[in-house]
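So for the sequence shown, my numbering puts the first residue at 143; every next one is plus one.
Ideal Cβ placement from N, Cα and C applies to all residues, glycine included.
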Amino acid sequence: MYIKRVMIVGTMMVAMTFGGNLGGAAADSASPVAKIASGAPLAPAGDGSVTSLLRLSSKEELYEALYDGRSLADIADSTGASIGPVIDLQVAQLAGQLKQRLDSGSISERQYRDHLAELRSVVTESALRSY
């Protein structure tokens, strides 16, 4: 049970970080790296948060669903939302964070390229996995 809580809380923190980082999403959309990484339009509907993309009313509702072991894809399916924009948002935001780390010198160019290359598959796998 402990590992399940760790995974749920970790996933929730990532989701809340993305939801609260709307200003960063606008900056990321101007980045060619983010556009390449996502392969899709970066202007999500609504306020651009994970909760709005999943058609949920609050972060608490998202937290409860994740804590109950549902995946982001399960949540999207149950609300009639599409998981694609959620994945695109997460990929774009993480690509932006990787770029910031590269620019600050905390990762090398090679590490940046390697992480960026696997970013979409990691995010997609995470969104589809139930814990």
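Could you tell me if residue i is buried or exposed, where buried requires 16 or more neighbouring beta carbons within 10 angstroms of its beta carbon?
i    : result
V192 : buried
A207 : buried
P183 : Residue placement at P183 cannot be trusted, given a pLDDT of 40 that sits under 50; the coordinates are not used to answer.
D230 : buried
L270 : exposed
A223 : buried
G247 : exposed
Kindly indicate which three-state DSSP category residue i falls into: helix, strand or coil?
i    : result
G190 : coil
Y273 : coil
D216 : helix
L204 : helix
L196 : coil
Our contact map puts residue i next to residue j with C-beta atoms below 8 Å; I'd like the distance itself, whole angstroms only.
i    : j    : result
L261 : V233 : 6 Å
S272 : D216 : 6 Å
V265 : L236 : 7 Å
T221 : L198 : 7 Å
Between which two residues does the alpha helix (DSSP H) containing residue i stretch?
i    : result
D230 : 225 to 246
R255 : 251 to 270
Quick one, which of the options has its alpha-carbon nearest residue i's?
i    : options                : result
L258 : L198, S199, K241, V228 : K241
S268 : S250, Q239, I225       : I225
G238 : V228, Y254, E202, D210 : Y254
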